[in-house]
Amino acid sequence: MGLSSIQGDGGGGFWLPRAASTGAGPVDALFYFILAISVIFFALIVGLMILFVVRYRRRAGQGAQASPAHNTLLEITWSVIPLAIVIGIFAWGFKVFMDLATAPANAYEVQVTAQKWSWLYTYPNGHVEDVLHVPGDRPVKLVMTSEDVIHSFFVPAFRVKRDVVPGRYSTLWFEALQPGEYQVYCTEYCGTGHSDMLSKVVVHPPGGFEKWLDNASNILNTLPPAEAGERLYRTRGCIQCHSMDGAAGIGPTLRGVIGTQRAMRSGAVVTADENYLRESILEPQAQIVAGFEPVMPTYKGRLKDEEITALIAFMKSLKSENGGGQ
Amino acid sequence: MTPQDATHGQGAPAASAENALGGDHYLNHGRGVWSWLTTLDHKRIGVMYLVSILAAFLLGGVFALLLRTELLTPQQTIMKADTYNQMFTLHGAVMIFLFIIPGIPAALGNFVLPLMLGAKDVAFPRLNLASYYMWVAGALFALISMITGAVDTGWTFYTPYSTTTSASVISMVFGAFILGFSSIFTGLNFVVTIHKMRPPGMTWCRMPLFLWGLYGTAIIQILATPVLGITLLLIIAERVLGVGIFDPALGGDPVLFQHFFWFYSHPAVYIMILPAMGVISELMATFSRKRIFGYTAIASSSIAIAVISFLVWGHHMFVSGQSNLAGMIFSFLTFLVAIPSAIKVFNWTATMYKGSVWLATPMLYALSFLFLFGIGGLTGLFLGALATDVHLHDTYFVVAHFHYVMFGGTVMGFLGGLHYWWPKMFGRTYSERWGRLAALLIFLGFNITFFSQFVMGSQGMPRRYYNYLPEFTAYHVVSTLGSYLLGLGFLIVMIYLIHSLARGRPAPANPWGAATAEWQTASPPPHDNFTSDPMVDDPYDLERWRWDDRLSGYRLDAAAARPAGAV
């Protein structure tokens with residue numbers, strides 16, 4: 014959980030985290046309105062309950078006093094008033110929901126792919142990364158789909174959430190109020206790594222986003238292969254399951270893999286050379302290391318050849334270096 | 259107080275023996291295990307159900323405490339992620355399918371319903387026994403799936419996860435399928451019994467409110483449960499035959515499953531709560547020593563809830579991608595279903611006005627119900643409103659909300675009913691002092707456990723999370739400590755109830771002075787329930803029951819009693 018240090022949610026109140034999007038304010042207003050209504054009704058019911066229990070508690074030699082067993086006017090009143098209130102809440106909730114249902118025409122569009130157990134964001138220029146970088150000065154629209162089961166994209170600070178369903182696209186939009194980092198959660202249960210399927214939104218100050226995208230999409234040309242490979246390892250969903258420090262996770266560690274003899278579930282023993290590593294990335298179900306489950310999704314079509322080469326260079330570097338990560 | 263002979267007057271109950279423990283009663287009428295396993299006596303079937311569902315409740319409760327212990331720290335505490343996922347699935351499945359759904363109707367309802375009608379049994383005693391064995395078979399399938407590779411899908415079995423995971427989903431799903439039949443049988447039996455076996459004098463408007471609750475429940479059981487059965491069979495068909503229904507890889511639609519599932523499971527929420535509301539109506543009247551306020555409104559609101567509950571399932575799917583129009587309709591109908599529940603709460607509160615409120619253990623649970631169900635209901639407003647639900651959906655806010663409704667509502671109603679009818683069921687009284695202490699501990703422990711979950715949920719903590727961010731640690735620690743207090747409360751209940759079976763003071767026929775028919779026969783009742791016809795003309799005329807020190811219970815005040823026949 015390398016993202017646990019994010020405090021994008023700081024500065025909120027007792028009930029709600031800090032509101033960091035243009036849509037959050039109206040949602041919070043409704044939340045606090047319902048809260049006020051609830052507190053009033055709860056105080057009324059519990060207040061009367063306590064009053065009646067104390068005032069009319071059982072005393073020796075004294076039974077219940079005569080009182081009517083129903084009162085039409087009273088009963089109509091306490092049906093109609095709550096009815097009016099809840100219809101009001103319904104209408105308010107529907108209005109705010111509809112205001113936030115359609116993305117503005119000028120929204121910046123990012124494709125989101127969910128898979129067990131990582132989020133990948135694809136930018137218009139083809140760059141892919143597992144952290145969502147967005148411009149801070151315009152609305153952002155996400156077009157989301159899933160590679161496997163249903164996931165759900167949730168940013169508490171923006172008050173947005175949407176299920177991400179295999180075989181179809183769902184959309185969501187937000188406009189951040191200020192630059193910063195905000196927590197992303199998966200909120201539809203999706204198996205072993207569900208609670209580690211975290212990500213973050215990085216909102217850039219004006220102009221910052223374009224500069225970041227230029228740099229980030231160019232790493233294969235600007236960095237040595239092993240370093241570019243490490244960047245890919247951290248940003249394409251590898252790190253969630255494969256550690257670089259020797260500890261087994263949902264998948265085997267990458268440290269010291271290259272060149273070793275690997276015992277497979279099938280009983281076979283395989284030498285972990287470049288071709289084995291390449292096959293494990295593109296056809297993860299072909300060979301399963303003993304002691305692990307066949308849960309890795311394929312990266313066929315999602316990593317270019319040069320990127321796979323860089324990842325292999327990175328894995329080789331994990332053998333010779335002793336320090337490991339940064 | 260009234261020196262008259264108890265046998266004076268036609269309408270007087272002929273419970274010649276107030277307590278039948280010394281003589282023949284349903285518990286010793288026919289001896290040996292076989293006489294129990296083949297019994298057609300609704301009371302014995304009720305007791306077998308009670309023992310079984312309490313075992314399920316214990317199992318689900320142990321799972322809950324283990325889950326809360328795991329959540330003490332943000333990372334691994336006592337179990338691995340897969341174990342955690344299996345355990346919350348089992349906690350949900352056991353609590354819902356094996357405990358809460360059958361809890362009040364099948365255990366308490368089976369025992370009480372024919373007695374309240376002054377009848378000898380339910381309409382179909384064999385179907386009743388079959389329903390129990392269906393429950394046992396369903397529970398066995400669930401157990402098999404626990405042993406052979408625990409299911410990790412969550413109790414909701416959402417596709418395509420549930421059709422692609424390696425766990426033994428089929429036996430678990432088949433177990434739930436069989437349990438559905440158990441539930442349908444009970445519902446069918448109750449509907450027919452209430453329609454056909456009400457005694458002369460008990461019109462629909464003189465029926466005890468517990469029976470109205472059971473009646474509304476039975477309608478939902480019969481109409482909604484088959485949809486669950488069909489849905490679960492479709493899952494099995496997809497897994498076994500590879501027919502594409504829900505899995506997009508096979509050309510299916512995963513969201514379709516959610517529609518099918520909630521079409522049953524939302525009405526099922528009312529299968530769980532309606533009987534508890536019926537219990538609360540009885541407790542509020544008896545322990546306020548007063549006629550229930552707004553009988554007609556309470557009875558008709560049960561039916562209103564049963565009807566509207568079929569039309570709100572889409573509120574579980576506001577962020578699933580269903581159309582905005584569907585979202586609007588479901589949100590609106592969801593708010594409508596809030597009104598009959600609110601009406602009941604107001605009526606119960608008004609019943610105490612000018613009453614003589616007796617804070618016996620069952621009443622403490624009824625008051626807990628008002629408090630906790632009040633919070634559960636009001637927090638539903640946040641989730642029914644579209645805009646706020648988007649933020650709160652699938653967070654701990656929802657977890658807290660449904661525990662306040664299901665646990666704070668149904669389980670409090672169940673505990674209230676259990677303590678209320680316990681002396682009737684077993685002819686023994688439990689310790690009032692321990693009973694009240696446990697009720698208090700359960701109330702406090704419950705609020706500590708679950709109120710903190712509202713706050714962490716609205717702060718963004720997602721549900722079904724094994725690891726969590728450190729900023730949520732304090733809430734989780736509070737919640738876990740609360741759950742230990744809650745567990746202690748239940749431990750005390752378990753000890754004093756078991757103790758009472760052996761050592762409890764013999765109970766009188768009518769310890770609480772209630773006016774419904776089950777109190778007009780001995781405790782425990784004879785095999786045939788009544789030795790003479792009970793009075794069923796007015797279930798809430800508490801005036802005619804007077805305390806009698808010699809009995810340590812209530813006896814009919816013949817002077818206050820209207821003569822039988824003057825109905």
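Top to bottom, those sequences are chains A and B. Taking our numbering, I'd label the letters of the first sequence as residues 14 to 339. Taking our numbering, I'd label the letters of the second sequence as residues 259 to 825. Note that CB positions come from ideal geometry on N, CA and C, so glycine has one too.
Continuous alpha helix (DSSP H) stretch holding residue i: start and end
| i | result |
| --- | --- |
| Q711/B | 690-716 |
| P533/B | 512-546 |
| K108/A | 85-112 |
| V751/B | 731-761 |
Alpha carbon of residue i to alpha carbon of residue j, nearest angstrom
| i | j | result |
| --- | --- | --- |
| F415/B | A365/B | 27 Å |
| L155/A | F187/A | 9 Å |
| T135/A | I301/A | 29 Å |
| D799/B | A773/B | 6 Å |
| F629/B | V59/A | 7 Å |
| V825/B | G459/B | In this prediction, V825/B has a pLDDT of 39, which is less than 50 and means its spatial position is unreliable; nothing more can be read from the coordinates. |
| G338/A | N705/B | A caution first: G338/A carries a pLDDT of 37, below 50, which makes its placement in the model unreliable, though a value can still be read off. So the alpha carbons of these two residues sit roughly 45 Å apart. |
| G284/A | T731/B | First, the residue type needs correcting, since residue 284/A is Thr and not Gly in the sequence shown. Cα to Cα, T284/A sits roughly 44 Å from T731/B. |
| Y289/A | H140/A | 26 Å |
| L371/B | G474/B | 14 Å |
| W294/B | R302/B | 7 Å |
| P261/B | L541/B | The predicted position of P261/B is uncertain, since its pLDDT is 37 and thus under 50; a value taken from the coordinates is nonetheless stated next. About 28 Å. |
| T266/A | R151/A | 40 Å |
| S626/B | T417/B | 37 Å |
| Q268/B | T779/B | Here Q268/B scores only 38 on pLDDT, less than 50, and its place in the model should not be relied on; the value that follows carries that caveat. So the alpha carbons of these two residues sit roughly 15 Å apart. |
| T335/B | L695/B | 32 Å |
| V123/A | G438/B | 45 Å |
| I354/B | F443/B | 18 Å |
| G319/B | I89/A | 41 Å |
| P769/B | F588/B | 46 Å |
| Y812/B | S420/B | 55 Å |
| S256/A | A534/B | 51 Å |
| K548/B | A313/B | 36 Å |
| I359/B | D786/B | 28 Å |
| D647/B | F640/B | 6 Å |
| L569/B | M111/A | 22 Å |
Cβ separation of residue i and residue j, assumed to be a contact under 8 Å, to the nearest whole Å
| i | j | result |
| --- | --- | --- |
| A775/B | V794/B | 5 Å |
| F504/B | L514/B | 6 Å |
| A33/A | Y195/A | 6 Å |
| G471/B | S560/B | 6 Å |
| G206/A | T423/B | The Cβ separation is near 13 Å, so there is no contact. |
| L86/A | T607/B | In fact, because the Cβ distance is near 17 Å, the residues do not count as touching under 8 Å. |
Contact set for residue i: own chain, Cβ-Cβ below 6 Å, skip 5 residues either direction
| i | result |
| --- | --- |
| T451/B | V380, A381 |
| L113/A | G36 |
| G361/B | I311, F672 |
| Y726/B | P332 |
| G509/B | G502 |
| S403/B | V409, S426, S429, M430 |
Same chain, Cβ closer than 8 Å to residue i, neighbours up to 5 away in sequence not counted
| i | result |
| --- | --- |
| M14/A | Note that M14/A scores 31 on pLDDT, short of 50, meaning its location in the model is unreliable; the coordinates nonetheless yield the value given after this. Excluding positions up to five away in sequence, the list reads D209, L211. |
| L746/B | L699, G703 |
Local Cβ density within 10 Å of residue i, reported as buried at 16 or more and exposed below that
| i | result |
| --- | --- |
| M752/B | exposed |
| P237/A | exposed |
| C463/B | exposed |
| V309/B | exposed |
| A276/A | exposed |
| E201/A | buried |
| R721/B | buried |
| K129/A | buried |
| S523/B | buried |
| I94/A | exposed |
Contacting residues, own chain, Cβ-Cβ under 7 Å from residue i (five flanking each side not counted)
| i | result |
| --- | --- |
| Q274/A | V282, T284 |
| I478/B | P525, Y528, I529, A564, S567 |
| P148/A | Y121, H217, F222 |
| V211/B | Lying before the first or after the last residue shown, residue 211/B is absent from chain B, which here runs from 259 to 825. |
Residue range of the beta strand (DSSP E) that includes residue i
| i | result |
| --- | --- |
| H146/A | 145-148 |
| G811/B | 811-814 |
Residue i: CB within 7 Å of a non-hydrogen atom of the ligand MN
| i | result |
| --- | --- |
| Y342/B | Absence of the ligand MN is noted for the structure shown, with no ligands found whatsoever. |
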